[in-house]
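Structure first, then comments.
Protein chains: 2
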Amino acid sequence: MEDDKTVEGNRAFERSCCPITNGLDIFGDKWTLLIIRDLILGKRRYQDFISSAEKIASNILADRLKKLEAAALVRRQAYQQKPARYEYSLTEKGESLRPVLAAIISWSQEHYPGTQLFPSVRPRQATDQTVKVAGGV
Amino acid sequence: MEDDKTVEGNRAFERSCCPITNGLDIFGDKWTLLIIRDLILGKRRYQDFISSAEKIASNILADRLKKLEAAALVRRQAYQQKPARYEYSLTEKGESLRPVLAAIISWSQEHYPGTQLFPSVRPRQATDQTVKVAGGV
DNA sequence: TCCATTCACTTGCTTATTGCAAGTTGCGCA
DNA sequence: TGCGCAACTTGCAATAAGCAAGTGAATGGA
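In structure tokens, the structure reads:
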């Protein structure tokens with residue numbers, strides 16, 4: 822008997838082989854795409870995600886980051902040893918979700934005029950200065 | 822004290838005014854976009870949605886249809902009296918989610934070659950003016 | 001040396017949402 | 001007098017989310 826797991830490292834086609842269903846099985850919840858958004862905006866570290874406006878709980882963030890890594894949308898790498906500290910970045914597969922976010926933004930802006938994008942964040946320097954720069958998702 | 826409800830009939834900006842967050846507050850779960858997909862594919866009735874491949878539970882379907890109606894993405898109308906029977910269709914606002922679905926399909930097909938779209942469903946004969954021809958979401 | 005702080009998470013517990021099975025209502029039909 | 005269909009509703013167990021607090025390694029300061 823065959824197992825129904827592991828297409829590129831994650832469970833595949835849990836509910837059906839419909840591409841929409843498959844997408845939703847990966848990012849169909851209230852938080853995952855917000856983490857992708859943050860990564861696109863330039864955030865990289867745990868505290869960056871924690872401090873976003875939507876106030877994700879830390880256990881949920883940890884869970885989603887693990888799932889995103891397992892699904893190969895996100896990569897985790899140490900930016901220093903002693904103490905080991907990690908940052909996250911999008912893989913190509915994760916980057917390619919940009920059009921999905923763009924479509925959602927477009928829909929929201931059309932139907933909810935009050936919405937507005939957050940600005941991009943400039944990557945950290947050694948001295949930890951986050952300077953904001955224009956440019957949306 | 823002001824309430825934080827009702828932009829076009831539904832709770833607005835629950836978590837932040839980010840357009841992505843706003844979109845996810847409306848359709849950010851595992852089922853809502855599948856109902857939209859079914860509607861785009863030509864399904865209209867409760868049993869149509871129930872019989873989709875993903876096997877949505879009937880209570881969740883009822884809940885999502887109510888929320889979609891409240892958010893003005895979907896409209897509910899009787900197609901017969903005695904006994905009253907209802908069918909659902911997309912509003913313009915719901916139709917305009919097409920690009921979101923298209924982006925998800927595109928992403929899934931690129932990264933998960935095994936996925937494939939369901940075909941459109943032919944509308945029922947009793948009550949329909951809008952005849953749709955084949956073509957995916 | 002001791003203490004406070006930072007960062008990247010875990011853990012424990014409460015509350016909310018899902019999933020599953022079964023039940024309900026109104027009517028038409030044999 | 002049932003039987004069945006369509007569109008839901010209800011009850012309850014299982015799963016997930018939300019919240020607060022805690023952990024461990026290291027670093028900087030009094």
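Taken in order, these protein sequences are the chains called A and B.
With the first sequence counted from 1, adding 821 to any position gets you my numbering.
With the second sequence counted from 1, adding 821 to any position gets you my numbering.
Each residue gets a CB set at the ideal place from its N, CA and C atoms; glycine is no exception.
Open item on the list: Do B/I847 and A/R858 have their beta-carbon atoms positioned less than 7 Å apart in this structure?
Closed with: Taking the first residue of the first sequence as position 1, residue 858 of chain A is located at position 37. Taking the first residue of the second sequence as position 1, residue 847 of chain B is located at position 26. It is not a contact, given that the beta carbons lie outside the stated cut-off.
Open item on the list: Can you tell me whether A/S873 is helix, strand or coil according to DSSP?
Closed with: Numbered from 1 along the first sequence, position 52 holds the residue referred to as residue 873 of chain A. Three-state result, A/S873: coil.
Task: A/G863 to A/S910 span [Cα, whole Å] - done: What you label residue 863 of chain A is simply residue 42 of the first sequence in a count that begins at 1. What you label residue 910 of chain A is simply residue 89 of the first sequence in a count that begins at 1. Rounded to the nearest angstrom, the two C-alpha atoms are 9 Å apart.
TODO: For B/G935, count neighbouring C-beta atoms within 10 Å of its own C-beta (all shown protein chains included) and say buried if the count is 16 or more, exposed if not.
DONE: The count along the second sequence starts at 1 and reaches residue 935 of chain B at position 114. Exposed: under 16 other Cβ atoms inside 10 Å.
- [ ] Count the CB pairs spanning the stretch 882-895 of chain B and the stretch 867-880 of chain A that are closer than 8 Å, and state whether there are at least three.
- [x] no
- [ ] Identify the contact partners of A/Q937 in chain B, using a Cβ-Cβ distance below 9 Å as the criterion.
- [x] Taking the first residue of the first sequence as 1, we reach residue 937 of chain A at position 116. Result: C838, C839, P840.
TODO: Starting from the Cα of A/R885, find the closest Cα among A/P904, A/K851, A/A899 and give me that residue.
DONE: By 1-based counting over the first sequence, the position of residue 885 of chain A is 64. For A/R885, the closest C-alpha among the options A/P904, A/K851, A/A899 is that of A/K851.
Task: Candidates A/L922, A/A905, A/S929, A/E931: closest to B/W928 by CA position - done: As a first step, residue 928 of chain B must be located in the second sequence, where it is residue number 107. Nearest option by C-alpha distance: A/L922.
Open item on the list: Can you check which of these residues, A/T853, A/L860, A/A924, is closest to A/R943 by C-alpha distance?
Closed with: As a first step, residue 943 of chain A is located in the first sequence; it is residue number 122 there, counting from the start. Among A/T853, A/L860, A/A924, the Cα nearest to that of A/R943 is on A/L860.
TODO: Name the residue from B/S872, B/N843, B/T853 whose alpha carbon lies nearest to the alpha carbon of A/L845.
DONE: Here residue 845 of chain A corresponds to residue number 24 of the first sequence, with the count starting at 1. Of B/S872, B/N843, B/T853, the residue nearest in Cα terms is B/T853.
TODO: May I ask you to list, following chain order, the residues of the stretch 891-917 of chain B that have a beta carbon less than 7 Å from some beta carbon of chain A?
DONE: So the close ones are K914, S917.
Task: Whole-angstrom distance between A/Q902 and A/C839, CA atom to CA atom - done: If you number the first sequence from 1, residue 839 of chain A lands on position 18. If you number the first sequence from 1, residue 902 of chain A lands on position 81. Roughly 43 Å between the two C-alpha positions.
- [ ] Per DSSP, which residues does A/E908 bridge with? Please list them.
- [x] Position 87 of the first sequence, counting from 1, holds the residue named residue 908 of chain A. Note: A/E908 sits in a beta bridge opposite A/Q898.
Open item on the list: Please list, in chain order, the chain B residues whose beta carbon lies closer than 9 Å to that of A/V921.
Closed with: Here residue 921 of chain A is taken as the residue at index 100 of the first sequence, counted from 1. Correct list: V921, A924, I925, S927, W928.
Task: Alpha-carbon to alpha-carbon, A/Q868 and A/H932 - done: Counting from 1 along the first sequence, the entry for residue 932 of chain A is found at position 111. Counting from 1 along the first sequence, the entry for residue 868 of chain A is found at position 47. Their backbone Cα atoms lie some 32 Å apart in a straight line.
Open item on the list: Counting only beta-carbon separations shorter than 7 Å, does A/R785 have a partner in chain B?
Closed with: Beyond the ends of chain A as shown, which are 822 and 958, falls residue 785 of chain A; an answer cannot be given.
Task: C-alpha gap between B/R819 and B/R866, whole angstroms - done: Residue 819 of chain B falls outside the range modelled here, since chain B spans only 822 to 958, and no answer is possible.
- [ ] Measure from the C-beta of B/E875 to each C-beta in chain A and report whether the shortest distance is under 7 Å.
- [x] The residue given as residue 875 of chain B occupies position 54 in the second sequence. Chain A, which has a Cβ nearer than 7 Å to the Cβ of B/E875, makes this yes.
Task: Proximity below 7 Å, CB of A/R896 to CB of A/T912 - done: Sequence index remark: in the first sequence, residue 896 of chain A carries index 75 (1-based). Sequence index remark: in the first sequence, residue 912 of chain A carries index 91 (1-based). For A/R896 and A/T912, yes; Cβs fall inside 7 Å.
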